[in-house]
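Student:
Protein chains in written order, with our numbering: chain A, 1 to 265; chain B, 1001 to 1171.
1. For a test of the three-state rule: what should DSSP assign to residue 1152 of chain B, helix, strand or coil?
2. Apart from the five residues just before and just after residue 226 of chain A, which ones in its own chain have a Cβ nearer than 7 angstroms to its Cβ?
3. For the region 170 to 178 of chain A and the region 125 to 136 of chain A, state whether three or more C-beta atom pairs, one from each stretch, are separated by less than 8 angstroms.
4. Along the region 8 to 19 of chain A, what residues have a CB closer than 8 angstroms to any CB found in chain B?
5. Which runs of the beta strand (DSSP E) spanning at least 3 residues fall entirely within the region 1017 to 1054 of chain B, listed in chain order?
6. Whose C-alpha, out of A:196, A:182, A:110, is nearest the C-alpha of residue 341 of chain A?
7. According to DSSP, is residue 164 of chain A part of a helix, a strand, or is it coil?
8. Consult DSSP for residue 137 of chain A and reduce its assignment to one of helix, strand or coil.
9. Mind pulling the chain A residues with CB within less than 9 angstroms of residue 1242 of chain B?
10. Below 7 angstroms on C-beta distance, what does residue 1136 of chain B contact in chain A?
11. Which residues mark the beginning and the end of the alpha helix (DSSP H) in which residue 1092 of chain B is found?
12. Answer with yes or no whether the minimum CB distance from residue 110 of chain A to chain B is below 7 angstroms.
13. Quick one: Cα of residue 161 of chain A to Cα of residue 40 of chain A, how far?
14. Give the range of the beta strand (DSSP E) segment to which residue 234 of chain A is assigned.
15. Counting pairs of Cβ atoms below 8 angstroms between the region 61 to 76 of chain A and the region 204 to 212 of chain A, do you hit three or more?
16. Taking contact to mean at least 3 C-beta pairs separated by less than 8 angstroms, is the region 1149 to 1157 of chain B in contact with the region 1027 to 1046 of chain B?
17. With distance defined between alpha-carbon atoms, name the residue in A:79, A:184, A:38, A:55 nearest to residue 140 of chain A.
18. Please report the Cβ distance between residue 1159 of chain B and residue 1037 of chain B, rounded to the nearest whole angstrom; I am assuming they are in contact, meaning their Cβ atoms lie under 8 angstroms.
19. Looking only at C-alpha atoms, which of A:244, A:167, A:118, A:51 sits nearest to residue 142 of chain A?
20. Measuring straight from C-alpha to C-alpha, what distance separates residue 1133 of chain B and residue 1073 of chain B?
21. Considering residue 68 of chain A, what are the terminal residues of the alpha helix (DSSP H) in which it resides?
22. Is there at least one Cβ from chain A nearer than 7 angstroms to residue 1076 of chain B's Cβ?
23. List, in chain order, every chain B residue whose beta-carbon is nearer than 8 angstroms to that of residue 5 of chain A.
24. When we look at the beta-carbon of residue 1023 of chain B and count the other beta-carbons within 10 Å, is it buried (16 or more) or exposed?
25. Go ahead and pull the three-state DSSP assignment for residue 117 of chain A.
26. Just reading off the alpha helix (DSSP H) that residue 1123 of chain B is part of, what are its end residues?
27. Give the DSSP-derived three-state secondary structure of residue 127 of chain A in the structure shown.
28. From the DSSP output, in three-state form, read off residue 181 of chain A for me.
29. Tell me where the alpha helix (DSSP H) around residue 245 of chain A begins and ends.
30. Hey, residue 30 of chain A and residue 1045 of chain B: beta-carbon distance below 7 angstroms or not?
31. Taking contact to mean at least 3 C-beta pairs separated by less than 8 angstroms, is the region 246 to 265 of chain A in contact with the region 1005 to 1012 of chain B?
32. Hey, is residue 1057 of chain B's beta-carbon within less than 7 angstroms of any beta-carbon in chain A?
Spelled out as structure tokens, the structure:
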């Protein structure tokens, strides 16, 4: 009944407006202006909807572009000081001891003490177990198992994972672990208590692990306490929001196997 | 007699009165006299919304055609009044009246409630009429003054028309 009433109402009003439009110049201009305004709003709205649905595609393209640019920057840093022009550089996927590979998270387990993720790259793409997963804002996890096209990653938000980190680029080093409670909280431990720490100091990867390259910013210090009378336990706020992750980079230490063999001797 | 035939006759006559008002009674640029909203308000309760809207549309067109108005302006302003007739009656006189399809009257509900209903209907009509007539060329204060003056002048006329049209008050 409501639809019927609304339909009849609209028909009658449109008919009345049509007649009014043709019966006075002022009304003609006024109604035409109104129609143009409504038409513009409708078209604008439709365009916004179309733009919204094309965002995923744009995001994928931007992620690819971002990865390529990051590689360029890494490589440029490596050769700074040498007589190379940027336009002569072909951008490889390897920088220093690490090989980089862009990947997309296809599943994210984010609700427990043992969080994991599955990425859409596997052994056929060159992913190996114990590869690191990073973004520009943090170390995200470590590859635990590899399939042909997918890999299972233990998230940093997991009680068994620690990342060798340092305060500042040249500060003391210690293991960084998830605090087990909040999505952006972590704890940096084993920092000698004679070190001066400022609130807001940036924490980076140390590069001492064979999994993650050095100098990836992870978070900032926000508080600390002395443990066992000898070391600081530092509360760190992570940069990366784990609940909104989609695009990551797989890092593979090309000398990882050799390092592991040495350690096992 | 509380028959629809009687209502139809009165309604037809009042439409003619409105046409005469449009043609002969020009008080000022600030005053628009119209009894059409109250005529729609007093339509029998048994009339559903669609017949009420169609009647309002035809009445508006007749007044536009014969009453020196812009073609379509009365119809444009009167159809929303017909659409909102039942919700307004229900809000002021209660749901029972609508469910029993019973007409309201001065005797049962008093002049206060009927005045409120009349003012709401007149306001809806005048708002649309004045905005469409001005077509965005008149300043706000002019439209506001016209609205106030027309509402005040039309109120007295509308209450008289309601007294004529409401069945129990016609006895």
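We put the beta carbon where it would ideally sit given N, CA and C, even for glycine.
All values reported here derive from a predicted model rather than from experimental measurement.
Tutor: Per the coordinate set shown:
1. Reduced to three states, the DSSP call for residue 1152 of chain B is helix.
2. Taken in chain order, the residues that qualify are 193, 232.
3. Not touching, per the Cβ criterion.
4. 8, 9, 12, 13, 15, 16, 17, 18, 19
5. none
6. Because chain A spans 1 through 265 in this model, residue 341 of chain A falls outside it and cannot be assessed.
7. Reduced to three states, the DSSP call for residue 164 of chain A is strand.
8. coil
9. The question about residue 1242 of chain B has no answer here: the residues shown for chain B are numbered 1001 through 1171.
10. Correct list: 30.
11. Start and end: 1085 to 1093.
12. For residue 110 of chain A, the nearest beta carbon of chain B is not closer than 7 angstroms to its own beta carbon.
13. 55 angstroms
14. 231 to 238
15. no
16. yes
17. A:184
18. Actually they do not touch by this definition, with Cβ atoms about 12 angstroms apart.
19. For the residues A:244, A:167, A:118, A:51, the minimum Cα distance to residue 142 of chain A belongs to A:118.
20. C-alpha separation (whole angstroms): 7 angstroms.
21. 55 to 79
22. yes
23. Correct list: 1049, 1050, 1053, 1083.
24. Around the beta carbon of residue 1023 of chain B, a 10 Å sphere encloses fewer than 16 other beta carbons of the protein chains shown; the residue is thus reported as exposed.
25. strand
26. 1106 to 1134
27. Reduced to three states, the DSSP call for residue 127 of chain A is coil.
28. Residue 181 of chain A sits in coil when the DSSP states are folded into three classes, being neither helix nor strand.
29. No alpha helix (DSSP H) contains residue 245 of chain A, which DSSP labels as neither H nor E.
30. no
31. Counting C-beta pairs with one atom in each stretch, the region 246 to 265 of chain A and the region 1005 to 1012 of chain B have fewer than three that are closer than 8 angstroms, which means they do not touch.
32. Judged by the 7 angstroms Cβ criterion, residue 1057 of chain B is in contact with chain A.
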